[in-house]
Amino acid sequence: MKETNKWICVLAYMIFFIPILVDRENEEYRFHANEGLILFIVWVAISIIGSFIPVVGWFVILPVGEFFCLVLAIMDMINGYNEKMKELPIIGKYKLIK
14 MKETNKWICV
24 LAYMIFFIPI
34 LVDRENEEYR
44 FHANEGLILF
54 IVWVAISIIG
64 SFIPVVGWFV
74 ILPVGEFFCL
84 VLAIMDMING
94 YNEKMKELPI
104 IGKYKLIK
């Protein structure tokens, strides 16, 4: 794969729709765009839930949940750059982009 294509897979975890705009038919792009979208949705859900629960949410749910999402994003960026299509642990089985 060309160097440019590797960076498109990495960008999927920062801006999930970029690979779809580049080439919707590419299976690897769709995989990384889907993983990026799922990770974004989980990150937003953790932020919302943690913000509304006083004390426990602010000091436990938010830091732990967002750290977990950050670690998953970094792992997947590395996998995207290395041209691997590994699913996210726990949440990778869901497919939103077909």
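Number 28 in my numbering belongs to position 15 of the sequence shown; there are no gaps in the numbering.
Note that beta-carbon positions come from the ideal geometry of N, C-alpha and C, so glycine has one too.
Since residue i is in the alpha helix (DSSP H), which residue starts that stretch and which ends it?
i           : result
residue 26  : Counting along the chain, residue 26 falls outside any alpha helix (DSSP H), and DSSP gives it neither H nor E.
residue 110 : Note, residue 110: premise wrong, no alpha helix (DSSP H); not H, not E.
residue 50  : 40 to 65
residue 73  : From DSSP, residue 73 is part of no alpha helix (DSSP H); its letter is neither H nor E.
Report all residues from its chain with a CB closer than 6 Å to the CB of residue i; omit the five preceding and five following residues, and keep chain order.
i          : result
residue 75 : 63
Tell me which residues share the same chain as residue i and place their Cβ nearer than 8 Å to its Cβ, disregarding the 5 neighbours each side in the sequence.
i          : result
residue 83 : none
Residues in the same chain with beta-carbon distance under 7 Å from residue i, minus the five sequence neighbours each way, listed in chain order, please.
i          : result
residue 41 : 22 and 98
If we count the other Cβ atoms within 10 Å of its Cβ and call it buried at 16 or more, is residue i buried or exposed?
i           : result
residue 109 : exposed
residue 25  : buried
Worksheet item: Is there contact between the segment 16 to 32 and the segment 82 to 96, where contact requires at least three CB pairs shorter than 8 Å?
Response: yes
Worksheet item: So does the segment 36 to 51 actually touch the segment 98 to 107, counting three or more Cβ pairs closer than 8 Å?
Response: yes
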